[in-house]
Amino acid sequence: MVEKEVEIVRGHRLDYQLYNYLLQYFSDSELNAIFEAIRRPPSRYYIRVNTLKISPEDLAKKLRERSLDVYFDENLSEALWLPVKGPRKIPTAKKVVLADKRAAESVYMGANLYAPGVIKFEDGIRKGDEVNVIAPNGEVVAFGIAEVDSDNIRNTKSGVAVRTLVSTYELPKIRELPEYELGLFYDQSLPAQWVAHILDPRPNEVIVDMNAAPGGKTSHIIQLSGGKAFVHAFDRSSRKVQDMATILRRLGMEKYCSVEVRDTRYLDVDRPDLVGSVDRVLIDPPCTDMGVRPKLFDVKTMDLVKSLSEYQRQFIRVAWKLLKPGGILVYSTCTLPPLENEDNVAYAESLGFRVIDASVPGASGGLIDKYRNSVIRFYPHVHDTPGFFIAKLMKPS
Ligand code: SAH
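As numbered in the numbering used here, residues -8 to 388 make up the sequence shown, in order.
So, in structure tokens, the structure goes:
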């Protein structure tokens, strides 16, 4: 049988078509380094201070009073970071609990294992027993204590199934703090925090966020405009829009934006009032997520890259219609293939958009010569961040 997939590093597979495609841009050893990095979290865990509620200095002080190790980013004043601990050696237990991928990746980072994430509890486990938590690819992600008996796990719908004691990595547990409940900060990676800066919202502007949930970038846009711009935020998923409303309320930002469930590929038809009347548009579309960290295992195919690239272009076409002449489009993804990044910028140019040079400290330029100095790329193996892409464009007046 002919092998259809290549395993780049443990758990990370690409079909041959995608592997050969990426080899046009990265050497084999770069691909190895990229996916090795994807298996690990960045060494810094970033949060964004909600400067509408508190200053970065005051939040850092509060967190330090809770004995947390907090640092200021070198470039973005509202970005604070906490060191991620690990990797640690996991002690061996006699019994194992199998978790689903999502849960296993959280446990890998130090979270407890909750009942809905359990795939299998080995027979004979008693509450209080030492167990290892295993990911679906067989990797041991943590050592902990069972909080239920294997006889009862089927009837347990919620709550902690395994209390994690030692995990491969450990994130600071900042979501349990009162400062989180008070909306004083939002967890957001460093590259994602650059997006709203590149968009550069100004007072009294009308801004559209076409893929807004759960609201990380919407809330940052509101913050940077000092609550003086109005953001029309849209997302196709009604569940995510509900979560987003809760988040915006916690941050105290609900009055500065509207949030609507919409498939924004048709926004020009559904919201004709916005056509030709928007100052800035953000497209942060679904992508192949190949830059997201940490990920223990994943399979990606060329077909998926191609279909998402086509999907992303639909938003770009609509953004062209929404923008006023002179309006700005920012396009960002958390993935690697040029088809979803530089090639989509070239597509935007073919519609009439012009690229505006953008760069940030601690990042690289584009992967294609033409965009070497005009778009922004963060690489997991180079910048100790998730993989990320940002481009800025203008609709000429
Ligand atoms: N900008 C967000 C993250 C967006 S992730 C933040 O910073 O927090 C991409 C989002 O695109 C997902 O929430 C997904 O539901 C949404 N999406 C996918 N297809 C869409 C469509 N056709 N119209 C609008 N939103 C869509």
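The beta carbon of each residue, even a glycine, is placed where N, CA and C say it ideally should be.
Mapping DSSP to helix, strand and coil, what is residue i?
i: D348; result: coil
i: V366; result: coil
i: V61; result: coil
i: V186; result: helix
i: V139; result: coil
i: R308; result: helix
i: L104; result: strand
i: Y160; result: coil
i: K297; result: helix
i: L181; result: helix
i: I(-1); result: strand
i: R39; result: strand
i: S355; result: strand
i: K291; result: strand
i: Y111; result: Reading off the sequence shown, one finds Lys at residue 111, where the question assumed Tyr. Three-state result, K111: strand.
i: L13; result: helix
i: L239; result: helix
i: L175; result: coil
Below 9 Å between beta carbons: does that hold for residue i and residue j?
i: N202; j: F306; result: yes
i: L9; j: K286; result: no
i: P276; j: Q233; result: no
i: A126; j: F288; result: yes
i: K246; j: G217; result: no
i: A133; j: L168; result: no
i: A310; j: V346; result: no
i: P377; j: C325; result: yes
i: I110; j: D91; result: yes
i: V321; j: L273; result: yes
i: I165; j: L59; result: yes
Output needed for residue i: all residues of its chain with C-beta closer than 8 Å, excluding positions within five of it in sequence on either side, in chain order.
i: F225; result: V199, D200, M201, N202, A203, V250, E251, V252, R253, T255, L258
i: Y160; result: R31, P32, V75, K76, G77, P78, R79, Y99, M100, G101, P285
Can you have a look at residue i and say buried or exposed, based on whether 16 or more other CB atoms are within 10 angstroms of its CB?
i: Q425; result: Here the chain comprises residues numbered -8 to 388, so residue 425 is not present and cannot be evaluated.
i: R368; result: buried
i: T237; result: exposed
i: R308; result: exposed
i: Y37; result: buried
i: P107; result: exposed
i: P47; result: buried
i: S20; result: exposed
Give me whichever residues DSSP pairs with residue i in a beta bridge.
i: F424; result: For the chain, the structure presents residues -8 to 388; residue 424 sits outside this window and is missing.
i: T155; result: G135
i: K383; result: V321, I347
i: R271; result: I198, I319
i: I125; result: L89, V131
i: C391; result: Because the chain spans -8 through 388 in this model, residue 391 falls outside it and cannot be assessed.
i: L73; result: Y36
i: D6; result: E(-4)
Ordered along the chain, which non-local residues of its own chain (more than five positions away) have a Cβ less than 6 Å from that of residue i?
i: E121; result: A84
i: M244; result: S210, I213
i: F112; result: V88, S141, I144
i: L242; result: N41, G174, S210
i: A187; result: K208, H211, I212, L215
Among the residues of its own chain, which have a CB less than 7 Å from the CB of residue i, if the five just before and after it don't count?
i: A354; result: I367, R368, F369, H374
i: L358; result: Y16, P329, E333, R368
i: V0; result: N23, F26, E27, R30
Kindly indicate if chain C contains any beta-carbon less than 9 Å away from that of residue i.
i: F225; result: Structure shown: chain C not included; a single protein chain is present.
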